[in-house]
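Number of protein chains: 2
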Amino acid sequence: MADVAERAKVSRALVSLVMNNSPQVSDEKRRAVLRAARELGYRPNLVARNLAQQRTHTIGVLVDDFRNPFFGDVVDGIEAEASEHGLRVLILNGHRDAWRELDAIETFLQLRVEGMALVGARLGDDDLARIGTATPCVIVAGGTVHPGTDTVGTDDRRGAELAVEHLAALGHTRIVHMDGGSNASAAERRAGYESGMRAAGIGELIDVRTAGDDEADALAVIDALLAEEDTPTAIFAFNDLLAAGALNRLAGAGMAVPGDVSLVGFDDTFISALRHLSLTTVNQPKLAMGRLAVGTLLQRLADGSGEPIRHMLKPELVVRGTTGPPSSAPPHPGGPSGPQRT
Amino acid sequence: MADVAERAKVSRALVSLVMNNSPQVSDEKRRAVLRAARELGYRPNLVARNLAQQRTHTIGVLVDDFRNPFFGDVVDGIEAEASEHGLRVLILNGHRDAWRELDAIETFLQLRVEGMALVGARLGDDDLARIGTATPCVIVAGGTVHPGTDTVGTDDRRGAELAVEHLAALGHTRIVHMDGGSNASAAERRAGYESGMRAAGIGELIDVRTAGDDEADALAVIDALLAEEDTPTAIFAFNDLLAAGALNRLAGAGMAVPGDVSLVGFDDTFISALRHLSLTTVNQPKLAMGRLAVGTLLQRLADGSGEPIRHMLKPELVVRGTTGPPSSAPPHPGGPSGPQRT
DNA sequence: ACCTTGAATTAGAGCGCTCCAATGGTCTAT
DNA sequence: ATAGACCATTGGAGCGCTCTAATTCAAGGT
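As given, the protein sequences belong to chains A and B, one line each in that order. In terms of the working numbering, the first sequence opens at residue 11 and continues consecutively. In terms of the working numbering, the second sequence opens at residue 11 and continues consecutively.
Here it is, written out as structure tokens:
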């Protein structure tokens, strides 16, 4: 920078002004500086600028799992909104592991990001509270509401209820839930499953199996389920990936879907739309969640304190080809016989 | 940091030594410093450290498209290798657009990353050459070999040949290639398709349709193909996503796969393994490519100059359920009649 | 001629850390 | 004792930028 200043015969400060295209600079000097910069191949050092400015214009995004397309969509939304507000986005991978997530967050903090979006993070409330005091922080798709923290999410409980309602309306009663294990949203969706079952008058048939959130997590659960004598007629999986894994295994075992078993996923990732899967699922407004996350961060940055901000978006059932009436009981033409919702 | 030093009754320099856990520090002082740091909630400022050290210990990873699971796997490999070598990984999204990629690279450069891995980047050789002089840079899955630049990739041409050989061996002759458009690997795979066709003695049937690399890109091409009178009996798609899109559309049009049309993808992403897709495809060693990318960067960092490093990995055909003999011509039991390879 | 105003420019003090060279100790060998 | 070696510790310059306050200069007002 000093070199540029010298070559353009101005002060270092003026170079700085030009580089930040301040309106206070005369056209003549501006051109001189820009030319000198070009000739010298000068490129401003963001590290130094960040230090001097005490600002990084950067937000950190912690993604629970790169391989899950759900997160890709959310991140797209985050990036779009962030870039519209002149913020850089730093992405780190949590690898579905609380310990590694904590590590990533520590990195963000040391890097002095101005805010963090934790997408699907699986952290305890105590950790979150501690982090929140250091830097604005929004939990995205984080399941339960965390005390004192801003959150953006889908109404997971309602989403799960939608899934169960749909299955019950088709005439299913023996509906198993493959649950999300340690995933952040697992508890809410499980609760929704349970309340949905009870609302449908089949609360005594509640049956939750611990699975996970990846394709592979489904395999053992399906195997176990098929080995039992009272095989369920419907499965509500924690997410699309898990449902896809279930589909894999069911097909491998010669079970027809939805002929023998109906299957519902969650997230409405592009996977579920592949016609050969054609997975009935519950949509989350992924892009909107991403944008809203940045919006929330911005608001918190501007405001400072104030009540926790909570955005709870509406899930939507997307009926595709993996759900149908159970084989043993033909569909009720006039709709379900029992009560459908609370 | 000054506060910590004061509280621990040592100099700022000593705090620095402790924070970098230098062995030169007595246990007594070390403990004192650590305690003071804890009590004050001190967290080293990486921005300042990076500036002072003139090093960032960071490599930039430019990903062409977050939604394509292929890249997720490569990034996993990069992260694994990088963290083993104490490097931080910064990820930016190219959004399948050369202009945005250039922008991301500029950001990396200003952030003073120590190296860059461009995964699937669609940049011209001139751009690459210019960037390469600024910072070590490796092209991953970048298709053709770029002069003077380190590259890690799969032998795309051979991969495409494998696909064509497989189809030809099944008895197909009317094999269409849905090409990758502006994607970096498109040209090589197209070339492999063409040489494969010629080697199979059906060079005159070469038929390339411009498509792209995303699911949606397949739709129009399939529609056009189905509208023609001489519908192909086999399609070799640029990648799995495209193949999945094609599968969607074919099924929608009532075409059986592989009954009416055989379909081959590329990349062997997890999508292709979903049993309901069960896509025949060409595997790229994605994780290995990621690790090798970092290895290459490290080597370049250590060495400085020297010949361009090129890693060309072997593709592998993965036969699944979307390929079979053409309906019009039963399979040749003894294998293909014509020549199969050069 | 003098003061005011305002715009364009600059000097220089940081930002929070690292690292070199220098300091003061202690320990060993003579 | 004394020099030398060796260790833990420290002062302070410097990393490349920003930003405040100060300075310069020209134009306009009285």
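Glycine included, C-beta positions come from ideal geometry on N, C-alpha and C. It should be emphasised that the depicted structure is a prediction, and the values quoted were computed from it without experimental measurement.
Item, Value
"Can you tell me where the beta strand (DSSP E) holding A:H187 begins and where it ends?", "185-189"
"Taking only beta-carbon atoms, is B:T183 less than 8 Å away from chain A?", "no"
"Among residues of its own chain, excluding the 5 on either side of A:P215, which ones have a beta-carbon nearer than 8 Å to its beta-carbon?", "First, the residue type needs correcting, since residue 215 of chain A is Leu and not Pro in the sequence shown. Once the five neighbours on either side are set aside, the close Cβ partners of A:L215 are T183, R184, I185, M207."
"What is the residue span of the beta strand (DSSP E) that A:A244 lies within?", "244-247"
"When we look at the beta-carbon of B:V329 and count the other beta-carbons within 10 Å, is it buried (16 or more) or exposed?", "exposed"
"As an exercise, report each continuous beta strand (DSSP E) stretch of at least 3 residues that is fully enclosed by the region 185-234 of chain B, in chain order.", "185-189, 217-220"
"Just how far apart, CA to CA, sit B:E353 and B:D13?", "Nothing in the structure corresponds to residue 353 of chain B, since chain B is present only between 11 and 352."
"Measure from the C-beta of B:A108 to each C-beta in chain A and report whether the shortest distance is under 8 Å.", "no"
"I'd like to know whether the C-beta of B:A254 is nearer than 8 Å to at least one C-beta of chain A.", "yes"
"Return the residue from the list A:I212, A:G211, A:A230 that minimises the CA-CA distance to A:T220.", "A:A230"
"Give me the chain B residues within the contact set of A:H286, using Cβ-Cβ distance strictly less than 7 Å, ordered along the chain.", "L257, A261, H286, L287"
"Quick one: measure Cβ to Cβ for B:V71 and B:V148, integer angstroms, because I've assumed they're closer than 8 Å.", "That belief does not hold up - the Cβ atoms of B:V71 and B:V148 are roughly 10 Å apart, past 8 Å."
"Using a cut-off of 8 Å between C-beta atoms, extract the partners of B:I281 located in chain A.", "I281, L284"
"Indicate whether at least one CB of chain A lies closer than 8 Å to the CB of B:A15.", "no"
"DSSP has B:G125 in a bridge; who is on the other side?", "B:I69"
"Which first and last residues belong to the beta strand (DSSP E) in which B:E175 is found?", "No beta strand (DSSP E) holds B:E175; the alpha helix (DSSP H) holding it covers 166-179."
"Please list the partners that A:I101 has in chain B, where partner means a Cβ-to-Cβ separation under 7 Å.", "I101"
"Compute the distance between the beta-carbons of B:V174 and B:A196, then report whether it is under 8 Å.", "no"
"Which term fits A:A234, buried or exposed, when burial requires 16 or more other beta carbons within 10 angstroms of its beta carbon?", "exposed"
"Regarding A:V148 and the ligand PLP, is the C-beta to nearest heavy atom distance less than 7 Å?", "Looking for the ligand PLP in the displayed structure turns up nothing, as the structure carries no ligands at all."
"For a cutoff of 8 Å on Cβ pairs, would you count B:R200 as touching chain A?", "no"
"At the level of alpha carbons, what is the spacing between B:G89 and B:D75?", "In the sequence on display, residue 89 of chain B carries Glu and not Gly. Spanning the two alpha carbons is a distance of roughly 17 Å."
"Residues in the same chain with beta-carbon distance under 8 Å from A:E16, minus the five sequence neighbours each way, listed in chain order, please.", "none"
"Going by the CB atoms, is the gap between B:M188 and B:L252 shorter than 8 Å?", "yes"
"Helix, strand or coil for A:D313? Go by DSSP, reduced to three states.", "helix"
"Under 8 Å by Cβ, that's how I've got A:E198 and A:D166 pegged, so tell me the actual separation to the nearest angstrom.", "4 Å"
"Identify the contact partners of B:R122 in chain A, using a Cβ-Cβ distance below 8 Å as the criterion.", "N55, L56, V57"
"Are the region 245-259 of chain A and the region 273-280 of chain A in contact at 8 Å, needing three or more beta carbon pairs?", "yes"
"For B:R98, report the span of its alpha helix (DSSP H) as first-last.", "Element bounds for B:R98: not the alpha helix (DSSP H) but the beta strand (DSSP E), 98-103."
"According to DSSP, simplified to helix, strand and coil, what is A:E239?", "coil"
"Closer than 7 Å by beta-carbon distance: list the chain A residues that pair up with B:E89, in chain order.", "N103"
"Just mark A:G314 as buried or exposed, buried being the case when its beta carbon has 16 or more other beta carbons within 10 Å.", "exposed"
"Starting from the Cα of B:F118, find the closest Cα among A:R53, A:R77, A:A261 and give me that residue.", "A:R53"
"At a Cβ threshold of 8 Å, is A:V85 touching chain B?", "yes"
"Show which residues of chain A have a CB atom less than 8 Å away from the CB atom of B:F276.", "The premise fails here: B:F276 is roughly 17 Å from chain A at the closest Cβ pair, so nothing lies under 8 Å."
"What in chain A is Cβ-close to B:E171, meaning under 9 Å?", "Going along chain A, no residue has its Cβ under 9 Å from B:E171, so there is no contact; the nearest lies around 27 Å."
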